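Colleague:
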Amino acid sequence: PKLDANKQAAYHIVRDLLEAGHWELAEKYVTERYIQHNPNAASGRDGVVKYFTEVRKVKPVPIPARMKTKVVAVVAEGDLVVVAYVRELKDATTTWFDMWRFKDGKADEHWDPATRTGQ
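The following block contains the structure:
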């Protein structure tokens, strides 16, 4: 049950926050101390919200009934959930992933393959 709940929370993070840009819902899915390992975004819930809303200037759109992201795999083990999905770039299509550590049903830590912007 806990693995399923964490996978559902990861689903909502991808659909509601990353796809639809509804970062006002972050408190529902992300802990206050959220540890961010992406070098382009700050840690803390406020830091990740600021990154998407002010730095990336993401504007909310209606949350779709179903996630639009083409998911390759969802793997859950212990308190970790990894979502791998298709990422279409200008010149190539590849696979991207997000991995979260969950605490009490909320994402508490995040990893992805991002490198510092501009390097």
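This note's numbering runs 121 ahead of the 1-based position in the sequence shown. We put the CB at the ideal spot given by N, CA and C, even for glycine. If you're wondering where the values come from, they're calculated on a predicted model, not measured in any experiment.
Assess contact between the region 183-197 and the region 126-138, defined as three or more Cβ pairs (one per stretch) separated by less than 8 Å. Is contact present?
Modeller: Segments in contact, yes.
Colleague: Below 7 Å CB to CB, which residues in the same chain sit around A194 once its five sequence neighbours on both sides are set aside?
Modeller: Looking up residue 194 in the sequence shown gives position 73. A205.
Colleague: Give me the Cα-Cα distance between D200 and A141, rounded to the nearest whole angstrom.
Modeller: In the sequence shown, the residue the question calls residue 200 occupies position 79. In the sequence shown, the residue the question calls residue 141 occupies position 20. Taking the straight line joining both Cα atoms gives about 25 Å.
Colleague: Nearest to V207 by alpha carbon, out of D225, K224, R222 and M188?
Modeller: By 1-based counting over the sequence shown, the position of residue 207 is 86. Here the closest residue by C-alpha is M188.
Colleague: Need the endpoints of the beta strand (DSSP E) that R208 sits in, please.
Modeller: For the purposes of this step, residue 208 is taken as residue 87 along the sequence shown, with counting starting at 1. First-last of the beta strand (DSSP E) with R208: L201 to E209.
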